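With this note's numbering, you'll find the sequence shown wraps up at 722, consecutive numbering, no jumps.
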Amino acid sequence: MEKWRWLWAVFVFLYPFVVLPGVPGHGPVTLAKHFYVYLFLLAALLSGIKLSGNPSLPGLLKDLRGFLRNPLPHLKKDLPVTLLALLGLTMALATLFSPEPIVALTGSLSDYTDGLLWSWPMLVLAFLAYRHSQEDPETGLYIAKATVLSAGVLALWGLLEVLLGRGFFYSTASQNLPMATFPQKGHLSGYFVLGVGVAMGLRSPWGLVLSAMGIGLAYNRTGLLALALLIGVYGYLSIRKRMGREGLRLALAVFLGVAVGMGAVRLSEGRGGEGGGAVREVGNPGTFFTRLYYWQASLEGIAHRPLLGYGGGVFEHHWAGFLDRKTAEAFLRDEFGKGDHELLEVLSAPGVDPVFILKRPDGELEALRIYSFRAHNGYLEVALKWGLPALLLYLGLLLLGLKGLFRLSPLSFGLLGIHAFFLFWFPIPEEEGVLWALWGASLAGVPEALPKGAKPVGGGEVP
């Protein structure tokens with residue numbers, strides 16, 4: 260199983276950089292991620308991985324038959340696998356009974372995200388990482404180190420983009436930088452939050468400086484809030500473990516990284532706009548209030564289909580029907596600057612993005628199409644796609660993954676940081692492969708700092 264340490268490390272490190280060369284765009288990048296993930300899963304299956312204590316797929320089928328006959332002992336025996344399986348089943352049912360089952364199967368019509376053909380492989384990734392980490396606990400540490408390394412490379416990439424004032428993959432205005440291979444610098448900062456959390460658990464000052472620098476480059480408020488949470492939790496736990504100086508040292512590394520990132524943005528702006536990374540007022544609450552409209556539509560949608568949701572990529576065709584006229588006008592004013600336009604009609608139909616028919620001040624008509632609606636909250640996203648039971652399963656898996664916080668596990672700190680970030684953002688394919696691999700390894704209970712070659716008691720279970 261030692262080979263899987265390196266294969267997981269390579270998979271995780273390369274994942275953020277997997278794109279279709281010369282074809283910038285969220286859709287093509289998502290397709291490239293599909294191919295990469297499926298190729299890795301195929302390699303795992305062909306390798307004869309022990310899926311369920313047996314050396315082949317029939318072993319898994321045998322255990323599944325036993326589970327169906329008498330589920331209670333299996334629930335007690337392997338709760339993470341049970342929750343993953345139940346979440347996968349809930350996703351399948353949500354897809355089957357979706358208002359648009361084909362879309363729910365294949366994903367959003369705009370960028371192929373969120374469909375069952377994407378979400379199921381993420382669960383399989385988590386399952387394989389869990390099994391490998393049980394059999395070889397150092398696998399989790401390799402995944403953690405690869406995550407920090409990839410975040411560090413992305414941060415250096417972002418620094419060059421900001422200083423040079425141009426993107427290397429996406430061609431965009433300097434104020435949108437850094438982006439690297441991500442569709443937006445806000446989403447990129449989410450990956451840096453993941454990197455900070457993992458680096459904090461690894462006690463890696465250079466990893467913290469680089470990942471925190473990335474957040475500073477993006478000037479992202481949610482990222483800064485997640486950093487504050489991570490520092491607070493780590494500081495509290497380190498004091499309890501009488502490691503207060505270690506916590507202070509890591510906090511200083513984070514502050515240094517953020518300062519360097521923000522300083523680089525200020526420097527590039529100070530050169531007459533030749534640099535990138537537009538500075539914005541971090542205390543400006545504008546985008547928070549526009550998120551309230553997304554949350555309102557999402558909560559109304561969840562109330563309409565609470566059990567199985569809409570399926571992946573489907574709600575973006577239906578959300579406009581959950582905003583009344585007054586709220587829709589306020590949304591268009593605050594989000595798109597259409598305060599001087601009169602809303603005449605909203606055209607909405609299954610399989611089609613909503614179109615708002617507006618009347619300009621000069622009397623001319625304008626059609627505004629809004630595509631790829633997202634809740635801007637990762638938890639609302641789960642409930643919208645798969646229903647409230649799926650959200651409970653998701654939260655159950657999250658709680659299991661966070662148990663390692665008390666051992667200062669890098670995997671658990673990564674999960675904590677990114678899920679704090681998801682309070683105002685949402686997961687995208689550019690980060691999900693790494694997230695689910697890390698999540699699966701965290702379910703195995705790998706401790707925070709194993710000496711080379713050491714294995715915890717019970718093949719992965721920490722007393």
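Yeah, the Cβ is synthetic: ideal placement off N, Cα and C, and Gly gets one too. These numbers come from a predicted model, not from an experiment.
### Message
Please state the DSSP three-state secondary structure of I629.
### Response
coil
### Query
For F428, which residues from the same chain have a beta carbon less than 7 Å from its beta carbon, with the 5 sequence-adjacent residues on both sides left out?
V278, P283, A439, T440
### Query
For H563, which residues of its own chain have a beta-carbon under 8 Å away from its beta-carbon, when the five flanking residues on both sides are left out?
F581
#### Entry: For E505, three-class secondary structure by DSSP
helix
### Task
May I ask which residues mark the beginning and end of the beta strand (DSSP E) holding P613?
611-618
### Query
What are the complete alpha helix (DSSP H) segments, minimum 4 residues, inside the region 372-442?
375-394, 397-423
### Query
DSSP three-state call for S367: helix, strand or coil?
coil
### Task
Would you list the residues sitting across from A303 in a DSSP beta bridge?
In DSSP, A303 forms no bridge with anything.
### Query
Between A268 and A405, is the Cβ-Cβ spacing less than 8 Å?
yes
### Query
Can you tell me whether DSSP reads V693 as helix, strand or coil?
helix
### Which of helix, strand or coil DSSP assigns to A608
strand
### Query
Hey, S357 and G570 are a contact pair by Cβ (cut 8 Å); roughly how many whole angstroms apart?
3 Å
### Message
Is the beta carbon of L674 closer than 8 Å to that of S701?
### Response
yes
#### Entry: Reference V614, options G598, S631, D599, closest by Cα
S631
### Query
Which residue from G692, Y450, W698, G699 puts its Cα closest to that of Y295?
G692
### Message
Please tell me whether V513 and L467 are closer than 8 Å, where the distance is taken between their beta carbons.
### Response
yes
### Query
So, are the CB atoms of D395 and E261 less than 8 Å apart?
yes
#### Entry: Top-ranked residue by Cα proximity to S378, from V412, P280, L343, L338
L343
### Query
Taking the continuous alpha helix (DSSP H) assigned at P669, which residues delimit it?
669-680
### Task
Run through the region 570-605 for me and flag every whole beta strand (DSSP E) of 3 or more residues, listed as ranges in chain order.
none
### Close Cβ partners of L603 (< 8 Å) along its chain, the five nearest in sequence each way excluded
I616, L617, K618, L624
### Task
Please classify L654: does DSSP put it in a helix, a strand, or coil?
helix
### Query
If we ignore side chains and look at the alpha-carbon of each, how far apart do V517 and L352 end up?
44 Å
### Contact set for G655: own chain, Cβ-Cβ below 6 Å, skip 5 residues either direction
L342
### Message
Helix, strand or coil, according to DSSP, for L624 in the structure here?
### Response
strand
#### Entry: contact_flag[the region 360-375, the region 414-433] where n(CB pairs < 8 Å) is 3 or more
no
### Selected residue, minimal CA-CA separation from F590, among A556, V611, F299, F270
A556
#### Entry: Inter-stretch contact at 8 Å, needing at least 3 Cβ pairs: the region 679-690 / the region 480-500
yes
### Buried or exposed (CB count within 10 angstroms, at least 16 for buried), S306
exposed
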